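Trainee: One structure coming up, written as structure tokens, with questions to follow.
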Amino acid sequence: YSAGGCPVLLTEIESTNLFTYSETFSNWGNSQSTETINASISPNGSKTATKVVPTTSTSWSGLNSQNLSITNGATYNFSVFAKKDEYSYIQVGGSTPRFNASFATIDLSNGTVVYESGITAYVESYGNDWYRISFSQTAISGGSGLVGFIAIYNYPPNSRLQPFGGDGTSGILLWGAQLEQQPAATSYIKSNIGSATTREADLVNGAGSA
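Here the sequence shown is numbered in my numbering, starting from 19 and rising by one per residue.
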């Protein structure tokens, strides 16, 4: 119900999760990190969250997205659910050369954006210390390539992909990555079948009928 007391239908447009694996992060590109699938309880109540642990390397640690075909000039929205574990800082951003070298650093202990450049990041609480992080970006070149990254830190980096070497056991939790050719994130679409997954638009019949 709206503030005025009248019923309001919450409906969504059709959208496609272009990531072919949204929960199995072992299918993503690894950058100086190790991943343990089914390590913890995800926002939907199942034990399907992945733990990402930075290695002791001096490079940046985390994940690169899957390679996808990108349309030049199109706007895409990247979103992912994240939860603090031993570490509580995550950085997300666009990959070059398909997108600008953007980034946003988020504090998962309270869901706040600490730094950002080139994008505006949105953080929404889903309870139990889980947050959904999302941002939109417009492609500056087309073709196949990476679209984004997720980096893990135990401090808030103020620049893109700062080197970080962890202790080899501490990390954060991830679940439900999504890439849509939309200006904003829609509700989560599970895509673990090796191909993009589409959710049809909500259809309302008899709207306004008593």
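Cβ coordinates follow ideal geometry from the N, Cα and C atoms, glycine included. Predicted, not measured: the structure shown is a model, and the values here were computed from it.
Within its chain, find whatever has a CB closer than 8 Å to the CB of R178; leave out the 5 residues flanking it on each side and keep chain order.
Mentor: Once the five neighbours on either side are set aside, the close Cβ partners of R178 are Q109, G111, A119, S120, F121 and S135.
Trainee: At the level of alpha carbons, what is the spacing between A57 and K69?
Mentor: 6 Å
Trainee: By Cβ distance, which residues of its chain are closer than 7 Å to F117, with the 5 residues on each side in sequence left out?
Mentor: Q155, A157, I158 and V165
Trainee: Exposed or buried, what is D185 when buried is set at 16 or more other beta-carbons lying within 10 Å of its beta-carbon?
Mentor: exposed
Trainee: Label G80 either buried or exposed according to how many other C-beta atoms from any shown protein chain fall within 10 Å of its C-beta, with 16 as the threshold for buried.
Mentor: buried
Trainee: Measuring only the C-alpha atoms, how far is T114 from A195?
Mentor: 19 Å
Trainee: Put N85 into one of helix, strand or coil per three-state DSSP.
Mentor: coil
Trainee: Applying the 10 Å Cβ sphere with the 16-neighbour rule, what's the burial state of N95?
Mentor: buried
Trainee: Suppose you measure from the CA of N62 to the CA of K208; what does that come to, to the nearest Å?
Mentor: 11 Å
Trainee: In three-state DSSP terms, what is S44?
Mentor: helix
Trainee: Expressed to the nearest angstrom, what Euclidean distance is found between the alpha-carbon atoms of A203 and L197?
Mentor: 8 Å
Trainee: Only counting the same chain, and skipping five residues up and downstream in sequence, which positions put a Cβ closer than 8 Å to that of T42?
Mentor: I55, T68 and N210
Trainee: Using the Cα positions of P181 and Y144, report the straight-line distance between them to the nearest angstrom.
Mentor: 30 Å
Trainee: DSSP three-state label for R178, please.
Mentor: coil
Trainee: Pick from S83, N35 and Y149: whose alpha carbon is nearest that of I190?
Mentor: Y149
Trainee: Going by DSSP, what residues sit across from F93 in a beta bridge?
Mentor: Note on residue identity: the sequence assigns Thr, not Phe, to residue 93. For T93, which the question treats as bridged, DSSP gives the partners T156.
Trainee: Can you give me the Cβ contacts of S106 inside the same chain, cut-off strictly under 8 Å, excluding the 5 residues immediately before and after it?
Mentor: D125, L126, S127, N172 and I190
Trainee: Check each candidate in L36, W78, L192 and T216 and name the one with the smallest Cα separation from S87.
Mentor: L36
Trainee: Please say whether A100 and I151 have beta carbons closer to each other than 7 Å?
Mentor: yes
Trainee: Please state if the CB of G163 and the CB of N85 are separated by a distance shorter than 7 Å.
Mentor: yes
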